[in-house]
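Novice:
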Amino acid sequence: MSLQPTILELESRHTRLFKGAAAAAAVAVPLSLGVTVIDRSVTLVAAGQTKLSSALLTGVRTVFRTPLLAFLGRDNRAVYGVYSSTYITKNVITITSSDNGYDSKWPMFVGTSLVNGSLGIMKDKYLAKMFGNSGGCNFPLASYASFLTRDAILIGVSFVVAPSLVPTVESTTGFSPTTANIVTQISVPAFAQLLATPVHLAGLDFYNRPEVGFSTRVRDAIRQSRGPILARMFRQGYVFGFGSLCVTKVTNMLLET
Numbered sequence: 126m127s128l129q130p131t132i133l134e135l136e137s138r139h140t141r142l143f144k145g146a147a148a149a150a151a152v153a154v155p156l157s158l159g160v161t162v163i164d165r166s167v168t169l170v171a172a173g174q175t176k177l178s179s180a181l182l183t184g185v186r187t188v189f190r191t192p193l194l195a196f197l198g199r200d201n202r203a204v205y206g207v208y209s210s211t212y213i214t215k216n217v218i219t220i221t222s223s224d225n226g227y228d229s230k231w232p233m234f235v236g237t238s239l240v241n242g243s244l245g246i247m248k249d250k251y252l253a254k255m256f257g258n259s260g261g262c263n264f265p266l267a268s269y270a271s272f273l274t275r276d277a278i279l280i281g282v283s284f285v286v287a288p289s290l291v292p293t294v295e296s297t298t299g300f301s302p303t304t305a306n307i308v309t310q311i312s313v314p315a316f317a318q319l320l321a322t323p324v325h326l327a328g329l330d331f332y333n334r335p336e337v338g339f340s341t342r343v344r345d346a347i348r349q350s351r352g353p354i355l356a357r358m359f360r361q362g363y364v365f366g367f368g369s370l371c372v373t374k375v376t377n378m379l380l381e382t
């Protein structure tokens, strides 16, 4: 009899974790479709194969005309794997920390950085090889380092900095807690792309143009980011701002049932 409460408690925790994982996996479906359009387009532009507007328009048309085929595409499956795993990790750490009375902020940052960083680098390497123009040559260490730096910036800003700024935005603007949370969660991750986009483009450029000098590469990455940066700002606000809000909302709905 004395073991029964512990067993029930464990069953309850397992159910909560399952619901959290299911919510993350479900929300990642529409998120991945939008992110794939942008990531594919930016990769094609970085390789000099098309204009950004043309690539984005083609991608959006494909999603709306044949959404199932778009979701099952190799590039979208890679993107879905990244963000479903990232949000599953976030939910598992958040729920486990809450159940045990821990602050989830730093465990979540470390856990999601490891998952998103490692899978994100694999995804970007895959997309670069699919849509780049380097003829399948070896992926350079400098590209890995660039993508890892980019992901550390974006995860830190999205999952640690943005939530910590909500009280400041609320007190400064007079917004309600809900409005302040929405504004901060969407805008702050988006503006992180001002720094992350040139780093991302430099990582692609190390693969596409391995012969270029460092100073030229940095200058070109900054210059070329003027177009993609708006698309990637939207991407960041979409996947880590709007996406985070949706994952939280759906997770809470499931946990309350």
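The opening residue of the sequence shown carries number 126 in our numbering; numbering runs sequentially from there. Here a beta-carbon is modelled for each residue, glycine too, at the ideal position from N, C-alpha and C.
Mind checking whether residue 310 and residue 287 have CB atoms under 8 Å apart?
Specialist: yes
Novice: In this structure, how does DSSP classify residue 365 when only helix, strand and coil are distinguished?
Specialist: helix
Novice: In three-state DSSP terms, what is residue 200?
Specialist: helix
Novice: Are the beta-carbon atoms of residue 343 and residue 327 separated by less than 8 Å?
Specialist: yes
Novice: Please state whether the Cβ-Cβ distance between residue 314 and residue 365 is less than 8 Å.
Specialist: yes
Novice: So, is residue 161 buried or exposed, given that buried needs 16 or more other C-beta atoms within 10 angstroms?
Specialist: Here residue 161 is buried: its Cβ has 16 or more other Cβ atoms, across all protein chains shown, within 10 Å.
Novice: Identify which residue in 150, 255 and 215 has its Cα closest to the Cα of residue 198.
Specialist: Ranking the options by Cα distance to residue 198, first place goes to 255.
Novice: Would you give the residue range spanned by the alpha helix (DSSP H) that residue 229 belongs to?
Specialist: It is not in any alpha helix (DSSP H) - residue 229 carries neither H nor E in the DSSP assignment.
Novice: Just the C-alpha distance for residue 284 and residue 291, rounded to the nearest angstrom, thanks.
Specialist: 12 Å
Novice: Let's test the definition: count the other Cβ atoms within 10 Å of the Cβ of residue 174 and tell me whether it reaches 16, buried, or not, exposed.
Specialist: exposed
Novice: What residue from 191, 208 and 166 has the CA that sits closest to residue 157's CA?
Specialist: By alpha-carbon distance to residue 157, the top candidate from 191, 208 and 166 is 208.
Novice: If we count the other Cβ atoms within 10 Å of its Cβ and call it buried at 16 or more, is residue 233 buried or exposed?
Specialist: buried
Novice: Between which two residues does the alpha helix (DSSP H) carrying residue 295 extend?
Specialist: Counted as a single uninterrupted DSSP element, the alpha helix (DSSP H) harbouring residue 295 occupies residues 287–298.
Novice: By the three-class DSSP mapping on this structure, what secondary structure does residue 176 have?
Specialist: coil
Novice: Taking its Cβ as the centre, do 16 or more other Cβ atoms sit within 10 Å of residue 252, making it buried, or is it exposed?
Specialist: buried
Novice: Given this structure, state the Cα-to-Cα distance separating residue 164 from residue 141, to the nearest angstrom.
Specialist: 33 Å
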